[in-house]
Amino acid sequence: MFMGVRGVWAALWCVLVLAARVDATARGSLAPMTYRRLADESAKATGGDAKGSWNEWRYRSNEELASAMDALHAGPCAGISKLTTIGTSVRGVEMRAMEVSTQPGVEQTKPGIMLVGNMHGDEPVGRELILRFARLLCIAHERLGRSAGGDEPGGGGLEKDLSDEASAKDLLDEASAKLLDEAAVVARNARVFLVPTMNPDGFSARRRNNANSVDLNRDFPDQFNEPGMPDRFDARQPETAAMMRFSESVNATAALNFHEGALVANYPYDAISGTNRKAGYSKSPDDAAFRRLAKVYARAHPTMATAANEEFPEGITNGARWYPLWGGMQDWHYVKTQTMDVTVEVNERKWPDESQLARLWTEHAPAMMAYAKTVATESTFGRLTDSVTGEAIRGATLAVAGVDVRFTPTSRRTGYYARFLAPGRHEVTASAPGYYPQTRTANAGERLDISLRRMEDARPSLAPEKDGNDGAAVVGKDGNDGATVVGKGDARRGPKPKPGSAGLGGAAGAGELVGVGELAAAVAAAVAWLAWRWRRRKRARLAALREGTQLSGVRIDG
Ligand SMILES: [Zn+2]
746 MFMGVRGVWA ALWCVLVLAA RVDATARGSL APMTYRRLAD ESAKATGGDA KGSWNEWRYR
806 SNEELASAMD ALHAGPCAGI SKLTTIGTSV RGVEMRAMEV STQPGVEQTK PGIMLVGNMH
866 GDEPVGRELI LRFARLLCIA HERLGRSAGG DEPGGGGLEK DLSDEASAKD LLDEASAKLL
926 DEAAVVARNA RVFLVPTMNP DGFSARRRNN ANSVDLNRDF PDQFNEPGMP DRFDARQPET
986 AAMMRFSESV NATAALNFHE GALVANYPYD AISGTNRKAG YSKSPDDAAF RRLAKVYARA
1046 HPTMATAANE EFPEGITNGA RWYPLWGGMQ DWHYVKTQTM DVTVEVNERK WPDESQLARL
1106 WTEHAPAMMA YAKTVATEST FGRLTDSVTG EAIRGATLAV AGVDVRFTPT SRRTGYYARF
1166 LAPGRHEVTA SAPGYYPQTR TANAGERLDI SLRRMEDARP SLAPEKDGND GAAVVGKDGN
1226 DGATVVGKGD ARRGPKPKPG SAGLGGAAGA GELVGVGELA AAVAAAVAWL AWRWRRRKRA
1286 RLAALREGTQ LSGVRIDG
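With my numbering applied, the sequence shown corresponds to residues 746 to 1303, in that order.
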């Protein structure tokens, strides 16, 4: 208990100090700064894209889109971006994706957020939104992110930016300053994957379908029509297959995909089971979380969630309730890659005039950012590992009470998992073949590392896994005698040895059956093990604090 209290206080102190530091740096840096209006900010990009092109509001051609991505990668996103070609369209146009994160291309303990645009060729607004969103993330990270954390080389650029900004003529309003602030948080706390166009051929021809006249948002495996949702890449359009391969490699926590023809945030399911093909609410197991995410987007948009939006007063809809569709990307993402995908219809008219682009960006940027920040800072995440080796466990799954679906860690290498849950406290159960399952509770957004104990590792001298730091009862099983052991209380501290008592937790009962010498040895071993474990956790925690920092409770490291 003593060790535990000290540990908790140490952790609390570190968190407070860090929180104060981050707060002071982030806010302090904003206060004296004057910002230009982001929407009109002059281009800082260098390279292939013409300087000043960010002030132009027009639809870039496929070639211009590619060179704008190059320019971002070489300019404001240098060092925090990775460009990938995920495939080619029917007509051979490269489909490109950009990752923006502090360690691009590297698996990190951070939620992933994917933005996909233009899957319908005649709905091009998403291309520009995504490109500008990437640029905003990079500029914010350059100006605020690096200085806020101090964990990366190149810090101290803020003074330089300050002098740049001091010469700016028109000031950034409060809303734009908030946007920049949030962008820095997203850039540091998440891996953001941007796919501006999924249908470059459709865009060139200014039509919905790809060059094979296939609607890409009906081309994904469908859970109701194709049980098991086999990939069958050869049966898909090249654009669909490219997107599927990329998504399966990324396993993003959440996604947005942009369409036009209405103003609404549409969440799964789009498809509905049974022979009844009429519109009706098709509820996914994560319905509450989806509704929350869709609302976050709609409410951050100036008109989407208002009465002015006559068709969708709250600005959100269940997909099938609006109109059912089968083979869409949104449902596939959710079921197949565990990605909470929300489809955003950004404008009632398709292909709005270019003169509308500045307005659309000004309206949607805060919504995109609110969504991304919510996922980045409010997802429940952690590592699910073997209690002895600290490594990922094959076949491990997690389940959340009240959510009728299991999910798996995103990373087979590190055991990292992330899940966006509805606000509130959740009971998370981790299990794996050959391991004792473990149930823990955590608030949505909290880091929750879980280490499972192998059944063959169980020894009577070792306390059952009791990792809840929340006082919840955790049931473990002693492998030797089959007795069920119920532990209670703060497991980071380990079970509390009773003075004069011979045993630890479940081992107490066995004390009557073994000799005093053996029991003393067992107690000594258990105490040593607990002390070692506590020191290891403390070291890990300190190392984590040294190499990263925390914002809104989310670990920033790689
Ligand atoms: Zn569409």
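Built from N, CA and C at the ideal position, the CB exists for glycine as well.
Where Glu1172 falls: helix, strand or coil (DSSP) = When secondary structure is reduced to three states using DSSP, Glu1172 falls in the strand class.
Candidates Phe1126, Arg1066, Gly1072 and Ala1043: which alpha carbon is nearest Glu1059's?
-> With distances taken between Cα atoms, Glu1059 lies closest to Ala1043.
Give a yes or no on whether the C-beta atoms belonging to Ala929 and Leu889 are separated by under 9 Å.
-> Yes, these two residues count as a Cβ contact at 9 Å.
With a threshold of 16 other CB atoms inside 10 Å of the CB of Gly871, please say whether the residue is buried or exposed.
-> That one is buried.
Continuous beta strand (DSSP E) assignments of at least 3 residues falling wholly in the segment 831-871 = Fully enclosed beta strand (DSSP E) runs of 3 or longer: 839-845 and 857-861.
Examine ligand 1 and report whether any of its heavy atoms sits within less than 8 Å of the Cβ of Asn955.
-> No - ligand 1 has no heavy atom lying nearer than 8 Å to the Cβ of Asn955.
Pick out whichever of Phe1152, Gly837, Thr1153 and Leu860 has its Cα sitting closest to the Cα of Ala1117.
-> The option with the nearest alpha carbon to Ala1117 is Leu860.
Quick one: using the 10 Å Cβ neighbour count with 16 as the cut-off for buried, is Asn944 buried or exposed?
-> The residue in question, Asn944, is buried, as its Cβ has 16 or more Cβ neighbours within 10 Å.
Anticipated Cβ contact below 8 Å, Ile858 with Ala1112, distance rounded = Wrong, their Cβ atoms sit about 13 Å apart, outside the cutoff.
Looking at the C-beta of Phe938, does it have a partner C-beta in chain C at a distance below 9 Å?
-> Annotation note: the requested chain C is absent from the structure, which comprises a single protein chain.
For Ala999 and Gln848, the rounded distance between their alpha carbons | Looking at the backbone, the Cα of Gln848 and that of Ala999 are separated by about 19 Å.
Close beta carbons around Ser787, own chain, < 6 Å, minus the five adjacent residues each side | Note on Ser787: pLDDT 35, under 50, position unreliable in the model; the coordinate value appears next. So no residue of the chain qualifies.
Relative to the C-alpha of Gly824, which residue among Ala932, Glu1191 and Glu919 is closest?
-> Ranking the options by Cα distance to Gly824, first place goes to Ala932.
Using DSSP bridges, identify the partner residues of Arg936.
-> According to DSSP, Arg936 bridges with Gly857.
Any heavy atom of ligand 1 closer than 8 Å to the Cβ of Met943?
-> For Met943, the distance from the CB to the nearest heavy atom of ligand 1 is not below 8 Å.
Mind pulling the alpha helix (DSSP H) runs of 4 or more residues that sit fully within the segment 803-831?
-> Complete alpha helix (DSSP H) runs here, min 4: 807-819.
With 16 other CB atoms within 10 Å as the buried threshold, where does Glu839 fall?
-> Counting Cβ neighbours within 10 Å, Glu839 comes out exposed, since fewer than 16 surround it.
Cβ distance (whole Å) where Leu1038 is taken to contact Val1087 below 8 Å = About 6 Å separates the two Cβ atoms, so the contact holds.
Would the C-beta of Met989 count as close to ligand 3, meaning under 8 Å from any of its heavy atoms?
-> In the structure on display, ligand 3 does not appear, and the ligands it does have are ligand 1.
Beta carbon of Ala1053 nearer than 9 Å to that of Ile1061 | Taking 9 Å as the Cβ cut-off, Ala1053 and Ile1061 do not qualify as a contacting pair.
At what residues does the alpha helix (DSSP H) containing His1004 begin and finish?
-> Note, His1004: premise wrong, no alpha helix (DSSP H); beta strand (DSSP E) at Ala999 to His1004.
Beta-carbon gap between Val1304 and Glu984 smaller than 9 Å | Lying before the first or after the last residue shown, residue 1304 is absent from the chain, which here runs from 746 to 1303.
Ala819: which of Ala879, Gln853, Thr833 and Pro869 sits nearest, CA to CA?
-> Ranking Ala879, Gln853, Thr833 and Pro869 by Cα distance to Ala819 puts Ala879 first.
Excluding the 5 residues preceding and the 5 following Leu1070 in the sequence, name in chain order all residues of the same chain whose CB lies nearer than 6 Å to its CB.
-> In its chain, beyond the 5 residues on either side, Asp1015 have a beta carbon closer than 6 Å to the beta carbon of Leu1070.
Rank Arg1281, Arg990 and Phe1152 by C-alpha distance to the C-alpha of Leu1143 and give the top, closest one.
-> Nearest C-alpha to Leu1143: Phe1152.
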